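Visitor: Mind looking over this structure? Questions follow.
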Amino acid sequence: MTNTHRSGPDRRTVLRATATASGALILGGALSTLGPTGALAQAAEPKLYTRADWRARPPANRIQVLSSAPRHIVVHHTATANSTDYSLSHALSLSRGIQNYHMDHNGWSDTGQQLTISRGGHIMEGRDRSLAAIRAGQHVLGAHVANNNSTCIGIENEGLYTSERPPKALVDSLVATLAWLCQAYGLNPDTAIKGHRDFNATACPGETLYKMLPDLRAAVAEVMLAQRVALADEPVPDEFAPTYPPVPEDEKEEEFYHGPARGPDDVTR
Ligand SMILES: [Zn+2]
Numbered sequence: 132m133t134n135t136h137r138s139g140p141d142r143r144t145v146l147r148a149t150a151t152a153s154g155a156l157i158l159g160g161a162l163s164t165l166g167p168t169g170a171l172a173q174a175a176e177p178k179l180y181t182r183a184d185w186r187a188r189p190p191a192n193r194i195q196v197l198s199s200a201p202r203h204i205v206v207h208h209t210a211t212a213n214s215t216d217y218s219l220s221h222a223l224s225l226s227r228g229i230q231n232y233h234m235d236h237n238g239w240s241d242t243g244q245q246l247t248i249s250r251g252g253h254i255m256e257g258r259d260r261s262l263a264a265i266r267a268g269q270h271v272l273g274a275h276v277a278n279n280n281s282t283c284i285g286i287e288n289e290g291l292y293t294s295e296r297p298p299k300a301l302v303d304s305l306v307a308t309l310a311w312l313c314q315a316y317g318l319n320p321d322t323a324i325k326g327h328r329d330f331n332a333t334a335c336p337g338e339t340l341y342k343m344l345p346d347l348r349a350a351v352a353e354v355m356l357a358q359r360v361a362l363a364d365e366p367v368p369d370e371f372a373p374t375y376p377p378v379p380e381d382e383k384e385e386e387f388y389h390g391p392a393r394g395p396d397d398v399t400r
């Protein structure tokens, strides 16, 4: 309930600890991009596999793009098996499986989320037009967080993280993706990065991954600072009276189901 990660000395401690524990490679890489002159740089767009790469089907309807940037980046887990196949071919197959399920079972226009990351750390475009929209500072209207889809961009992370930690390759790619999105949209990682359960009654993104969010926010800020990307100067919202929805003991066991993805306030599917 407190926001200790925001206070001065504690926050620096967290940043350093995170950089050592999980972000050393990323931090090293980020620092090296500065070069000897320390020239200003943008948070790098990570290597990303497009819909053409995973041979996506065309969407059932033209996907809507909002001109306004999203306010939050929502971290999900797919609630599927913790596969040990870290290959690119597995990642591309995962994207096809999610799209087929969302279109054929859920009856949605397309993949619900904008981005997907496999356990091997492969990053993939999800819903149609997502990559172009992010590059333009715009927001593709998705289906991943009920009643908040017009203000939230979603990242689906392959696996089930109720008790197990995600693999390092996934965490590294997630941090790189979050830093890129914060820069692209002018968002502050401290206030922008959320878990699905912050909005809906769901265990998603799993207890373990959810508890990693403060460290992830700190790691993202560290990457952005190392790349000389200014953190957005957002007013800190009142977080002393959060109204988080309940976390259910059990969720229905259905492929790719991880809590409410659409609600009455959402205008598309
Ligand atoms: Zn979710």
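Residue numbers for the sequence shown follow our numbering, beginning at 132 and rising by one. C-beta atoms are modelled at their ideal positions from N, C-alpha and C, and glycine is treated no differently. Keep in mind that this is a model prediction, so the values were computed, not measured.
Given 8 Å as the limit, is there contact between the region 285-296 and the region 174-188, that is, 3 or more CB pairs closer than that?
Guide: Segments in contact, no.
Visitor: By DSSP, does Leu318 sit in helix, in strand, or in coil?
Guide: Position 187 of the sequence shown, counting from 1, holds the residue named residue 318. Three-state result, Leu318: coil.
Visitor: For Met343, name the three-state secondary structure that DSSP assigns.
Guide: Here residue 343 refers to the residue found at position 212 when the sequence shown is read from its first residue. The answer is coil: DSSP assigns Met343 none of H, G, I, E or B.
Visitor: Measure the CB-CB distance between Ile229 and Glu287 and report whether it falls below 8 Å.
Guide: On the sequence shown, residue 229 is found 98 positions in, with the first residue counted as 1. On the sequence shown, residue 287 is found 156 positions in, with the first residue counted as 1. Yes, the pair counts as a contact, with Cβ atoms nearer than the cut-off.
Visitor: Which same chain residues, not among the five before or five after Arg348, have their C-beta less than 6 Å away from its C-beta?
Guide: Numbered from its first residue, the sequence shown carries residue 348 at position 217. Pro320, Asp321, Ile324.
Visitor: Answer yes or no: do Val271 and Arg258 have a C-beta to C-beta separation smaller than 8 Å?
Guide: Against the sequence shown, residue 271 aligns to sequence position 140. Against the sequence shown, residue 258 aligns to sequence position 127. Contact: yes.
Visitor: Grouping DSSP H, G and I as helix and E and B as strand, with all else coil, what is Tyr232?
Guide: Position 101 of the sequence shown, counted from the start, is the residue given in the question as residue 232. Three-state DSSP puts Tyr232 in a helix.
Visitor: His207 bridges to which residues according to DSSP?
Guide: Here the question's residue 207 lines up with position 76 in the sequence shown. The partner list for His207 (beta bridge, DSSP) reads Glu287.
Visitor: For Ser281, I'd like the list of residues in its chain whose CB is within less than 7 Å of its CB, leaving aside the five on either flank, ordered along the chain.
Guide: The residue you call residue 281 lines up with position 150 of the sequence shown. Here the set comprises Leu197, Leu272.
Visitor: Ends of the beta strand (DSSP E) at Ile254?
Guide: Translated into the one-based positions of the sequence shown, residue 254 becomes position 123. Its beta strand (DSSP E) spans residues 254-256.
Visitor: Check Thr247 in the structure and name its three-state DSSP category.
Guide: As a first step, residue 247 must be located in the sequence shown, where it is residue number 116. In this structure, Thr247 counts as strand in the three-state DSSP scheme.
Visitor: Taking Cβ positions, are Leu318 and Ala363 nearer each other than 8 Å?
Guide: Taking the sequence shown and counting its residues from 1, one reaches residue 318 at position 187. Taking the sequence shown and counting its residues from 1, one reaches residue 363 at position 232. Cβ atoms of Leu318 and Ala363: closer than 8 Å.
Visitor: Name, in chain order, the residues that DSSP records as bridge partners for Lys325.
Guide: Here residue 325 corresponds to residue number 194 of the sequence shown, with the count starting at 1. Val205, per the DSSP bridge assignment.
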